[in-house]
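Report on one structure; see the data block that follows.
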Ligand SMILES: [Zn+2]
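Numbering (my numbering), first residue to last: 140 to 228.
Have a look at this one:
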C-alpha cells in the first residue's frame, strides 16, 4: 500500500475522488504524471472510463460542429440532458 504514489494527492494529504481527478484531466490541468496515473486508473474504474470518453466525444462533437461559428445551443442542451439522465446525482 503506497498511497503517496498517487500524483493526485493534494497538498494537505487528502486523496481526491474520481470526479476531482476527472475534472483536472478534462480541464487540461493535470500533469503528465497525473495523466499517466489516470489512464491506468480508468482500466479499473468503469465510471471514470465512461465519463472520460463521454466528455471527450462531446468536446469533439462541439468542436467539429461549430468551428468558429456560433455554438449550436440546441445540440449542447440535448447532450447535457442525456448526461443528466445517465447520471442522476
Ligand atoms: Zn475512478
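In this text, a Cβ means the ideal position worked out from N, Cα and C, and glycines have one as well. Owing to the predicted nature of the structure, the values given are computational and were not obtained by experimental measurement.
Asked, Found
"For residue 223, three-class secondary structure by DSSP", "helix"
"Distance cut-off 7 angstroms: residue 186 Cβ against heavy atoms of ligand 1", "yes"
"Residue 222 to residue 151 span [Cα, whole Å]", "32 angstroms"
"Neighbourhood of residue 157 by C-beta, 7 angstroms cutoff - its chain only, sequence neighbours within 5 removed", "184, 186, 187"
"Residue 180 beta carbon near ligand 1 (any heavy atom closer than 7 angstroms)", "yes"
"Residue 180 versus 217, 220, 147, residue with shortest Cα-Cα distance", "147"
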